[in-house]
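A.B. asks: In my numbering, the protein residues as written are -7 to 103. Using N, Cα and C, we set each Cβ at its ideal position, and we do this for glycine too. As the structure is a prediction and not an experimental result, all values here were calculated from the model. Below are the structure tokens for one structure; questions will follow.
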Ligand SMILES: NC(=O)c1ccc[n+]([C@@H]2O[C@H](COP(=O)([O-])OP(=O)(O)OC[C@H]3O[C@@H](n4cnc5c(N)ncnc54)[C@H](O)[C@@H]3O)[C@@H](O)[C@H]2O)c1
């Protein structure tokens, strides 16, 4: 029986360890191709190896999710490599530096 994510492309940030690694392995078990992203290269590559050693499809990209350009690059890489991006699990979300952070106050002006 095909996995729940058969043919899907997934992104996991913080994928070098902990919850991110566990999620990356679970996504792969369910048939997804997994883009593993993390600041830590060794751990990220180990996650990829754990996936590919069992027949899965995965690649690692070094990334600091507090940088908007790094996050945009992840999406570009997934789409360029596999033609799509279906789901993402972000165990390590952007820090307060991110413009999208709800904790960062924004200046607004009312005319
Ligand atoms: N483990 C738990 O029981 C638990 C419970 C509740 C909440 N959380 C939260 O879930 C998140 C993940 O927990 P975990 O136990 O898997 O932690 P972890 O430290 O094992 O994994 C976090 C991963 O994120 C990476 N990372 C850190 N900053 C990054 C950045 N700026 N860009 C890219 N990658 C970055 C680290 O290198 C690491 O591989 C944490 O925010 C933690 O506070 C964990």
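1. Jot down the residue ranges of each uninterrupted beta strand (DSSP E) in the region 19 to 44, minimum 3 residues, whole runs only, in chain order.
2. Assuming the contact rule is C-beta atoms closer than 8 Å, residue 26 and residue -1 should be a hit. Round their C-beta distance to whole Å, please.
3. Could you name each continuous alpha helix (DSSP H) segment of 4 residues or more that falls completely within the region 45 to 83, going from the start of the chain to the end?
4. So, helix, strand or coil for residue -3, using DSSP?
5. Leaving aside the five residues before and after residue 83 along the sequence, list all residues of the same chain whose C-beta is less than 8 Å from its C-beta, in chain order.
6. At a cut-off of 7 Å, is residue 49 close to ligand 1 when judged by its beta-carbon and the heavy atoms of the ligand?
7. If you check the beta carbons only, do residue 52 and residue 75 fall under 8 Å apart?
8. Throw me the rounded Cβ distance for the residue 78 and residue 28 pair, which I believe falls under 8 Å.
9. Who are the near neighbours of residue -3 in its chain, counting only those whose CB is closer than 7 Å to its CB and skipping five residues on each side?
10. Residues around ligand 1, please: the ones whose beta-carbon is closer than 6 Å to some heavy atom of it, in chain order.
C.D. replies: Put simply:
1. Counting only runs of 3 or more, we get 25 to 30.
2. With a contact defined as Cβ atoms closer than 8 Å, residue 26 and residue -1 miss out at about 13 Å.
3. For the region 45 to 83, whole alpha helix (DSSP H) runs of length 4 or above, ordered along the chain, are 60 to 74.
4. Three-state DSSP puts residue -3 in coil, outside helix and strand.
5. Short of 8 Å from the beta carbon of residue 83, and not among the five residues preceding or following it, lie these beta carbons of its own chain, in chain order: 4, 5, 6, 7, 10, 11, 12 and 15.
6. Residue 49 Cβ: outside cutoff for every heavy atom of ligand 1.
7. It is not a contact, given that the beta carbons lie outside the stated cut-off.
8. A Cβ-Cβ separation of about 15 Å leaves residue 78 out of contact with residue 28 under the 8 Å criterion.
9. Closer than 7 Å at Cβ, skipping near neighbours: 19, 22, 23 and 24.
10. Those residues that bring their Cβ nearer than 6 Å to a heavy atom of ligand 1 are 5, 6, 8, 9, 10, 11, 12, 30, 31, 32, 35, 55, 56, 57, 58, 83 and 84.
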